[in-house]
Every structure is written in C-alpha cells, then in structure tokens.
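Line order of the protein sequences matches chains R and X. Counting in the numbering used here, the first sequence runs from 37 upward without gaps. Counting in the numbering used here, the second sequence runs from 74 upward without gaps.
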Amino acid sequence: MNFKTEPATIAAFLEDTSNLKNGWTPGVFFPETPEEVAALLRDAVADGRRYTIAGNGTGTTGARIPFGDHVIAMQKLDRIGEVEVAGDERALLRVQGGALLQDVQAKASAAGWFYPPDPTEKTCFIGSTISNNSTGSRSLKYGPTRNHVQALKIALPQGDLLDIERGERFADADGRFTLDLPLAGRVTFRLPDYAMPTTSKHNAGYWSTPGMDLIDLCIGSEGTLGVIVEATLLLHPAPERVIACIAWFRSEEELLDFVGKARAESGGVSPRALELFDRRALEFLRQRYPEIPAKTSGAIYFEEESTADGEDGCLEAWLDLMERCGSPVEKSWAALDSVGLQKLRDFRHKLPVLVNEWLSRQSESKVSTDMALPDERFADLFRLYRDACDREGFTYIIFGHIGNAHLHLNILPRNHEEFVRAKALYRKFVAEVLAMGGTLSAEHGIGKLKSEYLVQMYGREGIMEMVRVKKALDPYLVLNVGNMIPKEYYE
Amino acid sequence: MNILVCIKQVPDMEGHFTPNAAGNWFDETGLAWRMNEYDAVAVEEAVRLKESLGGGARVMALSIGPARAVEAIRKALAMGCDDGVHIEDPEALERDPWQIASMIAGFAAGRGFDLIFTGMQSEDRGSAQVGLLAAERLGVASVTGITAFEWRDGSTTVERELEGGRRCRLRLKSPALLTCQPGLNTPRYPTLPNIMKSKRAALTVLSPDSVGLESPKVSSENFRPHERNAEGVILEGDAETLAARVCEILETRTAVHGKGGAR
Ligand SMILES: Cc1cc2nc3c(=O)[nH]c(=O)nc-3n(C[C@H](O)[C@H](O)[C@H](O)COP(=O)(O)OP(=O)(O)OC[C@H]3O[C@@H](n4cnc5c(N)ncnc54)[C@H](O)[C@@H]3O)c2cc1C
Numbered sequence: 037m038n039f040k041t042e043p044a045t046i047a048a049f050l051e052d053t054s055n056l057k058n059g060w061t062p063g064v065f066f067p068e069t070p071e072e073v074a075a076l077l078r079d080a081v082a083d084g085r086r087y088t089i090a091g092n093g094t095g096t097t098g099a100r101i102p103f104g105d106h107v108i109a110m111q112k113l114d115r116i117g118e119v120e121v122a123g124d125e126r127a128l129l130r131v132q133g134g135a136l137l138q139d140v141q142a143k144a145s146a147a148g149w150f151y152p153p154d155p156t157e158k159t160c161f162i163g164s165t166i167s168n169n170s171t172g173s174r175s176l177k178y179g180p181t182r183n184h185v186q187a188l189k190i191a192l193p194q195g196d197l198l199d200i201e202r203g204e205r206f207a208d209a210d211g212r213f214t215l216d217l218p219l220a221g222r223v224t225f226r227l228p229d230y231a232m233p234t235t236s237k238h239n240a241g242y243w244s245t246p247g248m249d250l251i252d253l254c255i256g257s258e259g260t261l262g263v264i265v266e267a268t269l270l271l272h273p274a275p276e277r278v279i280a281c282i283a284w285f286r287s288e289e290e291l292l293d294f295v296g297k298a299r300a301e302s303g304g305v306s307p308r309a310l311e312l313f314d315r316r317a318l319e320f321l322r323q324r325y326p327e328i329p330a331k332t333s334g335a336i337y338f339e340e341e342s343t344a345d346g347e348d349g350c351l352e353a354w355l356d357l358m359e360r361c362g363s364p365v366e367k368s369w370a371a372l373d374s375v376g377l378q379k380l381r382d383f384r385h386k387l388p389v390l391v392n393e394w395l396s397r398q399s400e401s402k403v404s405t406d407m408a409l410p411d412e413r414f415a416d417l418f419r420l421y422r423d424a425c426d427r428e429g430f431t432y433i434i435f436g437h438i439g440n441a442h443l444h445l446n447i448l449p450r451n452h453e454e455f456v457r458a459k460a461l462y463r464k465f466v467a468e469v470l471a472m473g474g475t476l477s478a479e480h481g482i483g484k485l486k487s488e489y490l491v492q493m494y495g496r497e498g499i500m501e502m503v504r505v506k507k508a509l510d511p512y513l514v515l516n517v518g519n520m521i522p523k524e525y526y527e
Numbered sequence: 074m075n076i077l078v079c080i081k082q083v084p085d086m087e088g089h090f091t092p093n094a095a096g097n098w099f100d101e102t103g104l105a106w107r108m109n110e111y112d113a114v115a116v117e118e119a120v121r122l123k124e125s126l127g128g129g130a131r132v133m134a135l136s137i138g139p140a141r142a143v144e145a146i147r148k149a150l151a152m153g154c155d156d157g158v159h160i161e162d163p164e165a166l167e168r169d170p171w172q173i174a175s176m177i178a179g180f181a182a183g184r185g186f187d188l189i190f191t192g193m194q195s196e197d198r199g200s201a202q203v204g205l206l207a208a209e210r211l212g213v214a215s216v217t218g219i220t221a222f223e224w225r226d227g228s229t230t231v232e233r234e235l236e237g238g239r240r241c242r243l244r245l246k247s248p249a250l251l252t253c254q255p256g257l258n259t260p261r262y263p264t265l266p267n268i269m270k271s272k273r274a275a276l277t278v279l280s281p282d283s284v285g286l287e288s289p290k291v292s293s294e295n296f297r298p299h300e301r302n303a304e305g306v307i308l309e310g311d312a313e314t315l316a317a318r319v320c321e322i323l324e325t326r327t328a329v330h331g332k333g334g335a336r
C-alpha cells in the first residue's frame with residue numbers, strides 16, 4: 037500500500053467542489069485491497085490516527101476534506117466484476133468502492149443492462165454514491181441509490197470486514213441491531229429515534245424506519261459508520277427506447293402546470309425524469325448555447341422509457357401535453373437516439389459546471405440549497421425561492437429535480453454584503469422548508485458544511501440519537517469525524 | 074432549387090469493435106448506430122440554405138445502407154429535409170468508396186440537383202473519397218472539407234481551412250458538390266413535431282442495381298481493433314538506481330536519446 041506525504045501529491049485531497057479551505061493532512065494511504073482498509077482501521081487507535089475517506093472529490097459539502105486526519109484514498113479499489121444475470125429481470129454487478137460510476141454504467145450497458153442512479157456528475161466513485169445515497173434525474177422513476185444496492189462489504193471502524201446482504205439483518209421489534217464481530221465483539225444499538233420527512237429524496241442524517249434493514253443504515257451514512265469497500269449492485273434490463281425533450285415555456289405558471297400534469301401522468305405520459313431550468317439558469321446557459329429560444333420563461337427537460345411499438349404513442353402524448361400547457365412545440369429540442377440524448381444531457385450538466393466556473397472567478401462563494409419538499413409541493417418550493425430572492429434583489433438561478441420537489445437554488449452574491457444577506461435568507465429557507473415537512477438535504481448530504489443546519493432539522497436530541505449509533509460502531513471516533521454530526525456533540 | 078444531402082449511418086465510435094468472421098472489417102453485433110457526425114453538419118447546412126431561400130427549395134436526404142439506415146434518414150427529415158431516399162443495400166458497410174460513389178452518382182444523374190452536400194468523411198471508414206468520386210462521376214465542381222458556406226444569386230462561396238490555421242475562400246458555380254466538416258455549423262436539435270412527422274414520412278426505396286452499383290476497386294484485407302500500448306512499468310529503488318533505469322529505458326526502447334538530445 038502506498039503512503040504519500042509530498043505536498044504536491046496530497047494537495048488534491050484537500051479539496052472537493054465545496055470551496056471549503058484550510059484542510060490539511062499528515063498523509064494519504066492508497067489501499068489496494070479491502071483487507072488493507074480494514075487493517076488501517078484496526079490499528080488506528082494504536083497508531084494514534086483518525087481517517088477521512090476520500091472518493092473522487094466531486095462532493096459539494098467538504099465531506100472528504102481532512103482537518104488533521106489521515107486520508108484513505110479509495111481510487112485503487114476500482115475493480116468491476118462481470119454482470120451476473122439473476123432471473124426475474126434482474127442482474128447483479130459486484131464492484132469495488134473506488135470504481136468510477138461512469139465505468140460501472142458502461143460495464144452494465146455493454147452487457148445490455150442498466151444501473152439507474154445517475155447523479156449529474158459521473159466522475160464520482162460508486163462507494164461515495166452509496167455512502168451519500170446519491171440521486172439523479174432518473175430517481176423520479178427509480179428512486180435513490182438505496183433501491184439499487186443488494187449487498188455491501190464494509191470495513192467497520194474497529195477493523196472488522198462485514199458482509200451485509202439485503203434481506204438478512206433487520207432491526208428487531210425494539211428497533212435494535214446486534215452484531216457479533218471478530219474484533220469489536222458484540223455491538224448492539226437501537227435505531228435513532230426520530231421521524232424522517234416524507235420527501236421522496238432524503239439524505240440528511242442516518243436512515244431510520246421501523247424494522248429496517250441494516251444495509252439501509254449504512255447507505256447514506258456519509259462514511260461515518262464504515263468504509264464501503266465493495267458493493268453488489270442491482271441492474272435492470274436496459275430500456276428498449278428512451279425519448280428525451282426540452283420543452284420551453286413562455287410563462288412560469290404554464291411551466292408549473294405542465295410539471296403538475298406530467299407528474300399526474302396526464303394523457304398517458306410517464307416521465308422517468310422531469311428537470312427544471314428557470315429563466316435565469318437559461319440566461320447562464322445562453323453564453324454557451326445561443327440557440328436557446330429568446331423570450332423564454334423556463335424549460336423542462338423530460339425523459340420517458342418506451343418500446344419500438346409504443347414510441348409513437350408516447351411522443352403523441354407528450355406533444356399533446358405540451359400543447360395543452362402552451363409550450364411552443366415547434367421550438368422544442370427532442371432526441372430519440374443515443375447521440376441526441378447525450379447532447380441534451382450535456383446541456384443539463386453544463387449548467388452547474390458553468391456556474392462553478394463563473395464562481396471560481398468571483399470573490400464570494402455561492403449560497404446553494406439542496407432542500408426538498410414532499411413531491412406534490414414542487415410549485416411551493418419554486419415560489420418560495422423565487423419570491424424571496426426577487427424581494428432581496430439577488431442574482432440567482434433555480435434548477436434541478438422538480439419532479440421530486442427538489443430544486444437547487446444558487447444565489448450568486450455580487451459582494452460581501454449580499455453574501456451575508458444570502459446566508460441569512462438560507463437560514464430562513466431551512467426553517468420554512470422544515471416547517472413544510474421537507475428535508476435539509478435531498479442528495480448532496482451534510483458533510484462539514486451543513487452540519488449546523490442538521491441540528492436545526494433534528495434538534496439536539498435527534499443529533500444525540502445519531503451520536504449514540506455512531507459511538508456504538510466507532511467508540512474511539514476514528515472515522516470521518518466532523519462529517520454530518522458537529523464535533524462538539526461528541527463531548 | 075434542388076438540394077441533395079448524402080448521409081451514412083455509422084456505429085457509435087465509443088462502442089466495442091471486434092473483427093468480423095472474415096477478419097477484413099468489423100463485426101456489427103452489439104454496436105449502436107447513428108448518423109455520421111460530418112453528415113449531420115451537411116444536413117444542417119442544406120436545411121439552413123433551404124430556410125434562407127424561403128419557399129421553392131427542397132432538400133432530399135439519401136442514405137445507402139441496410140434496413141436500419143432508415144433511422145438516419147428519418148433523423149435528417151426531423152432536422153428539416155423534405156424527402157428521404159433509401160438505397161437498401163445490406164452489404165453497404167463493406168463496400169469501397171468507389172461503389173458507394175457509383176450509386177450516389179447513378180441516383181443523382183439527371184435529377185437536376187443544384188447542390189449536393191456530403192460529410193467530409195465517415196467516422197468508421199474515414200476514406201474522405203466518396204463525395205469527391207461522386208462529383209467526378211457527375212462531372213460537377215467540388216470542394217472538400219468546407220468550414221464556411223454562402224449562397225448568393227446562383228454562385229457559392231465557401232471556405233476551407235489549410236494547415237496552421239490559414240484559410241482560403243473559393244467561389245464556384247452550381248451544380249456543385251461540397252463535403253462538410255464540423256466547425257461549419259452546429260447541427261440543430263430536431264423538434265418534437267418534426268420527429269413525429271419524420272416517422273410518418275414515406276421514403277423512396279431503391280435497389281443498388283437500379284442506381285448503377287459497380288464493382289469495387291479496393292478491397293479491405295484486414296481489420297484490427299485499437300491495440301493498447303504496452304503496460305506501464307513501476308520502477309523501484311533509490312534515486313540513483315531509478316535514474317539509471319530511466320536512462321536505460323529511454324536508450325533501448327525510445328528514440329529520445331542518441332539524436333543530439335539529452336546527453
Ligand atoms: C456538477 C456536479 C453535479 C452533481 N450532481 C449531483 C446529483 O445530481 N445528485 C447527487 O446525488 N449528487 C450530485 N453531486 C454531488 C456528488 O457528485 C456526489 O455526492 C458523489 O456521490 C460524490 O462522489 P465522490 O466520489 O466525488 O466523493 P467525495 O466528494 O470524494 O466524497 C464524498 C463523501 O463520501 C465519503 N466516501 C467516499 N468513498 C467512500 C466509501 N468507499 N465508503 C464510505 N464513504 C465514502 C467521503 O468520506 C465523503 O464523505 C454533484 C456534484 C457536482 C460537482
């Protein structure tokens with residue numbers, strides 16, 4: 037196993053896409069086998085080390101940035117197995133935690149199968165997407181990563197390697213898990229006692245539902261309960277056809293009406309993705325895509341899976357819906373083939389990239405939200421963000437997964453005074469979204485940047501419930517400390 | 074005004090290529106198919122010209138290929154071409170440029186096309202000959218690899234890029250054939266209504282013989298997929314050993330040393 041301390045080599049491990057500064061580490065380990073990961077953790081207390089796990093650095097919350105901890109870099113654990121057909125329209129694919137998501141998807145697709153989770157950023161590691169329960173545009177139909185993980189091999193904080201197969205270890209009637217482990221001995225704890233929001237996407241704090249599967253506690257735990265060294269993923273048959281289209285709208289009300297009707301499958305449509313670009317987001321994209329129609333109040337990108345026989349009917353249903361909602365269909369951008377689809381997805385991906393590029397040239401950071409409301413309240417979330425930002429006179433964009441009532445608001449402060457006001461507004465939004473039954477983070481997770489707001493969401497008691505679970509599995513606090521749970525709650 | 078665009082359906086070049094049974098070209102199984110990127114540029118330019126002329130101009134899209142090539146023709150129609158012609162030829166993939174050009178010329182002869190647009194080359198075969206051979210056979214002017222196009226009063230002005238970023242402008246009279254390359258324009262996204270119209274459009278289907286298929290002049294003998302470079306080596310040892318090993322490798326396995334270079 038390589039261990040690097042040269043500043044030039046380890047500098048990259050002090051960053052992700054969060055802009056969080058001042059991280060530092062004594063050195064980075066590059067384990068090549070699950071056993072090497074486990075051995076690092078087993079010896080952590082004796083070696084006087086804490087570890088932060090590093091994926092590929094596309095996270096947005098500073099989660100992989102160490103503040104004095106050693107780093108476990110996952111990149112050498114990148115093996116991808118062969119697709120195994122498992123019957124009843126399912127196949128399995130075993131991968132190591134440091135495999136690139138796009139390589140995993142390519143492997144599945146070369147064999148005629150399909151791994152649905154599709155965070156917009158494809159250069160992330162599969163282990164990170166599991167530890168963050170990542171979602172993407174297709175989560176409207178397929179749900180989050182959680183739904184597509186059949187088994188995990190996880191290196192626990194005391195050095196045990198645990199295999200967890202879905203359907204084998206459930207919380208008992210009292211909400212308790214009990215594990216007998218070779219190194220840690222008997223570990224027993226009750227689920228965190230709190231209610232989770234009813235949003236369709238949620239990635240804030242430990243998962244907790246009555247009688248739940250242990251694997252679901254690990255998924256979304258942001259690397260605080262163990263290192264995901266291997267995963268068995270559930271694949272679906274690749275859809276025969278996919279249609280994709282961008283529908284433009286002349287008014288925001290027509291756009292919201294379209295989303296409501298599409299969600300309700302009006303006229304027989306059945307979207308697997310419904311993504312918003314608001315007017316301001318389109319202005320951003322126009323620098324690169326001058327062909328965006330003028331006088332547009334916003335756009336919806338949608339996808340639907342279809343078959344060769346069903347495709348015509350599917351196209352007609354969408355055309356009819358677009359016309360009913362006042363979308364200028366003669367301006368739409370549509371795709372039926374892989375090149376066209378890729379071009380439309382690139383357009384979607386370009387938005388956060390352009391925003392981040394623009395920001396890297398500004399003196400102030402953006403203030404961005406990852407909150408979601410229960411699905412049917414998508415329009416409330418849009419209006420909440422829009423109206424407040426208009427009142428403040430901010431430069432901002434709203435985009436993202438409107439089908440799941442999950443919108444990214446990016447406020448782009450022009451000076452420090454605006455940044456301070458934007459931060460204050462963010463706090464207000466958190467309070468309002470939580471009061472409306474929403475979640476603080478639908479997909480990016482909490483990491484280091486948002487832990488103070490997690491306290492706002494669950495209160496001190498809720499955080500202490502998480503501390504209890506964390507300490508049961510990681511009594512000496514060696515792994516990803518400072519992520520999700522604010523450090524002071526361990527004292 | 075009568076415009077013809079010639080398009081080819083090619084495999085997605087990201088796909089996994091293996092030699093066919095005869096070993097002389099690649100095997101089609103498992104590949105995804107789409108319109109050749111250069112041809113999409115040709116279609117876009119033809120449609121832009123038609124639109125700039127208002128009514129009265131028609132664009133015909135022609136593709137030679139097996140049954141699946143219909144998808145590429147429909148894509149061209151969805152982008153704004155008016156008519157689609159399919160020369161149904163199950164063996165098109167393995168034909169040499171001369172044969173393809175013989176069919177294009179055979180079809181176009183006597184049909185009064187003012188302009189013919191083709192892609193500069195196909196992504197899979199990359200011969201860059203088809204357009205040129207067809208122009209020769211038709212006896213019309215041609216320019217290859219255009220990066221700018223203007224039509225005014227029956228005369229065409231085009232630009233080509235030369236080596237080192239130099240450019241030249243050329244003028245020619247129709248009838249003419251132009252081969253197009255990326256940079257000329259950005260192909261549009263088809264609209265949903267146009268996609269639906271294209272799916273319903275009736276295509277003209279012709280056989281290779283009816284348009285004068287000729288015998289090949291060149292045959293493909295062997296196809297090899299991309300071969301990865303030799304694997305990297307990891308050297309170990311102290312700085313001096315490492316430096317000596319690097320020099321040895323440079324001397325024995327590369328052309329870096331011994332040519333008035335480092336030593
Ligand atoms: C342009 C852009 C678009 C994005 N779009 C989306 C989106 O649509 N949906 C979405 O969900 N996210 C999105 N993200 C966020 C990000 O891509 C995901 O959170 C992703 O899962 C992070 O992967 P990574 O490998 O880069 O992880 P890193 O940033 O390196 O690490 C993230 C966290 O995972 C932990 N971790 C890494 N590997 C492991 C492991 N093997 N075991 C346990 N813990 C581990 C780290 O400690 C850290 O806490 C986007 C990011 C960008 C920059």
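A virtual CB, placed ideally from N, CA and C, is assigned to each residue, including glycine.
Continuous beta strand (DSSP E) stretch holding SER215 (chain X): start and end: One-based indexing of the second sequence puts residue 215 (chain X) at position 142. Element bounds for SER215 (chain X): 214-225.
DSSP-derived helix/strand/coil call for ARG318 (chain X): Looking up residue 318 (chain X) in the second sequence gives position 245. Here ARG318 (chain X) sits in helix by DSSP.
Any chain R beta carbon closer than 8 Å to MET269 (chain X): Taking the second sequence and counting its residues from 1, one reaches residue 269 (chain X) at position 196. Residue-level contact by beta carbon holds for MET269 (chain X) and chain R, with a gap shorter than 8 Å.
Bridge partner(s) assigned by DSSP for ALA283 (chain R): On the first sequence, residue 283 (chain R) is found 247 positions in, with the first residue counted as 1. DSSP output for ALA283 (chain R) lists R:ILE336 as bridge partner(s).
Proximal residues to GLY333 (chain X) (C-beta, below 6 Å), its chain only, five neighbours per side dropped: Mapped onto the second sequence, residue 333 (chain X) falls at position 260. Here the model assigns GLY333 (chain X) a pLDDT of 36, short of 50, so the residue's position is not dependable, and the following value carries that caveat. Taken in chain order, the list of residues that qualify is empty.
Cβ of ALA82 (chain R) within 8 Å of any chain X Cβ: If you number the first sequence from 1, residue 82 (chain R) lands on position 46. Put simply, the CB of ALA82 (chain R) is far from chain X, with every gap to its CB atoms at 8 Å or more.
Any non-hydrogen atom of ligand 1 closer than 7 Å to THR235 (chain R) Cβ: For this step, residue 235 (chain R) is matched to residue 199 along the first sequence. Not under cutoff, so the answer is no.
Residues bridged to LEU310 (chain R) [DSSP beta-bridge criterion]: On the first sequence, residue 310 (chain R) is found 274 positions in, with the first residue counted as 1. According to DSSP, which records beta bridges pairwise, LEU310 (chain R) is partnered with R:PHE338.
Residues that DSSP places opposite ASP139 (chain R) in a beta bridge: Working through the first sequence from its first residue, we reach residue 139 (chain R) at position 103. Looking at the DSSP assignment, ASP139 (chain R) forms no beta bridge with any residue, so it has no partner.
Residues that DSSP places opposite ASN446 (chain R) in a beta bridge: Translated into positions along the first sequence, residue 446 (chain R) becomes position 410. In the DSSP assignment, the residues bridged to ASN446 (chain R) are R:SER404 and R:ILE433.
Beta-carbon spacing of ILE433 (chain R), VAL389 (chain R) below 8 Å: Your numbering for residue 433 (chain R) matches position 397 in the first sequence. Your numbering for residue 389 (chain R) matches position 353 in the first sequence. No. Outside cutoff.
is_contact[LEU390 (chain R), chain X] using C-beta, thresh 8 Å: For the purposes of this step, residue 390 (chain R) is taken as residue 354 along the first sequence, with counting starting at 1. Answer no: the Cβ-Cβ gap between LEU390 (chain R) and chain X never drops below 8 Å.
Inter-stretch contact (C-beta, 8 Å, three-pair minimum) for the region 410-423 of chain R and the region 184-201 of chain R: No contact exists between the region 410-423 of chain R and the region 184-201 of chain R.
Beta carbon proximity, SER306 (chain R) to chain X, threshold 8 Å: Translated into positions along the first sequence, residue 306 (chain R) becomes position 270. It does not: the Cβ of SER306 (chain R) has no partner Cβ on chain X nearer than 8 Å.
Residues of its chain near LEU245 (chain X), where Cβ-Cβ distance is below 7 Å and the 5 sequence neighbours each way are ignored: The residue given as residue 245 (chain X) occupies position 172 in the second sequence. Around LEU245 (chain X): ALA214, VAL216 and THR229.
ALA298 (chain R) at chain X interface by Cβ criterion, 8 Å: Residue 298 (chain R) sits at position 262 when you count from the first residue of the first sequence. For ALA298 (chain R), the closest Cβ of chain X is not nearer than 8 Å.
CB contact flag (LEU276 (chain X), ILE146 (chain X), <8 Å): Here residue 276 (chain X) corresponds to residue number 203 of the second sequence, with the count starting at 1. Here residue 146 (chain X) corresponds to residue number 73 of the second sequence, with the count starting at 1. For LEU276 (chain X) and ILE146 (chain X), yes; Cβs fall inside 8 Å.
Where VAL365 (chain R) falls: helix, strand or coil (DSSP): Mapped onto the first sequence, residue 365 (chain R) falls at position 329. Assigned with DSSP and collapsed to three states, VAL365 (chain R) falls in helix.
heavy atom of ligand 1 below 7 Å from ALA460 (chain R) C-beta: Within the first sequence, the letter at position 424 stands for residue 460 (chain R). It does not: the Cβ of ALA460 (chain R) is nowhere closer than 7 Å to a heavy atom of ligand 1.
Pairwise C-alpha distance: SER401 (chain R) and PHE455 (chain R): As a first step, residue 455 (chain R) must be located in the first sequence, where it is residue number 419. As a first step, residue 401 (chain R) must be located in the first sequence, where it is residue number 365. Taking the straight line from one Cα to the other gives about 8 Å.
Simplified DSSP assignment, three categories, for CYS253 (chain X): In the second sequence, the residue the question calls residue 253 (chain X) occupies position 180. DSSP, reduced to helix, strand and coil, places CYS253 (chain X) within a strand of the structure shown.
Reference ALA204 (chain R), options R:ASP196, R:PHE213 and R:LEU197, closest by Cα: By 1-based counting over the first sequence, the position of residue 204 (chain R) is 168. A small fix is needed here, since residue 204 (chain R) is Glu in this sequence, not Ala. Nearest option by C-alpha distance: R:PHE213.
Under 8 Å (Cβ pairs) to chain R, residues found in the region 189-206 of chain X: none
Environment of LYS464 (chain R) [buried if 16+ CB atoms lie within 10 Å]: Here residue 464 (chain R) refers to the residue found at position 428 when the first sequence is read from its first residue. LYS464 (chain R) comes out exposed.
Beta-bridge partners of THR259 (chain X), as assigned by DSSP: As a first step, residue 259 (chain X) must be located in the second sequence, where it is residue number 186. In the DSSP output, where bridge partners are listed per residue, THR259 (chain X) has none listed.
Residue nearest to ASN440 (chain R) in terms of C-alpha spacing, selected from R:LYS367, R:ARG299 and R:ALA127: Indexing the first sequence from 1 puts residue 440 (chain R) at position 404. Comparing Cα positions, the closest option is R:ARG299.
ALA165 (chain X) and ALA207 (chain X) closer than 8 Å at C-beta: The residue labelled residue 165 (chain X) in the question sits at position 92 within the second sequence. The residue labelled residue 207 (chain X) in the question sits at position 134 within the second sequence. It is not a contact, given that the beta carbons lie outside the stated cut-off.
Cβ contact (3+ pairs, closer than 8 Å) linking the region 302-309 of chain R and the region 363-381 of chain R: The answer is no - the region 363-381 of chain R does not touch the region 302-309 of chain R, with fewer than three Cβ pairs under 8 Å.
Classification of ARG31 (chain R) by the beta-carbon crowding that lies within 10 angstroms, buried from 16 upward: Given a span of 37 to 527 for chain R in the structure shown, any question on residue 31 (chain R) remains unanswerable.
Separation of ALA201 (chain X) from MET520 (chain R), as counted between CA atoms: The residue labelled residue 520 (chain R) in the question sits at position 484 within the first sequence. The residue labelled residue 201 (chain X) in the question sits at position 128 within the second sequence. Going from the Cα of MET520 (chain R) to the Cα of ALA201 (chain X) covers about 58 Å.
Closer than 7 Å: ASN440 (chain R) CB and nearest ligand 1 heavy atom: Stepping through the first sequence from its first residue, residue 440 (chain R) is reached at position 404. For ligand 1, not one heavy atom lies less than 7 Å from the Cβ of ASN440 (chain R).
Partner residues on chain R for THR264 (chain X), Cβ-Cβ distance less than 8 Å: Within the second sequence, residue 264 (chain X) is the residue found at index 191, counting from 1. Going along chain R in sequence order, the residues near THR264 (chain X) (Cβ under 8 Å) are VAL365, GLU366, LYS367, SER368, TRP369 and ALA370.
CA-to-CA distance, ASN55 (chain R) to ALA99 (chain R), given in whole angstroms: Mapped onto the first sequence, residue 99 (chain R) falls at position 63. Mapped onto the first sequence, residue 55 (chain R) falls at position 19. So the alpha carbons of these two residues sit roughly 11 Å apart.
Environment of ARG131 (chain X) [buried if 16+ CB atoms lie within 10 Å]: Here the question's residue 131 (chain X) lines up with position 58 in the second sequence. ARG131 (chain X) comes out exposed.
Beta strand (DSSP E) segment containing ALA267 (chain R), residue limits: Here residue 267 (chain R) corresponds to residue number 231 of the first sequence, with the count starting at 1. Element bounds for ALA267 (chain R): 263-273.
8 Å Cβ cutoff, ARG297 (chain X) in contact with chain R: Working through the second sequence from its first residue, we reach residue 297 (chain X) at position 224. Between ARG297 (chain X) and chain R, the shortest Cβ-Cβ separation is not below 8 Å.
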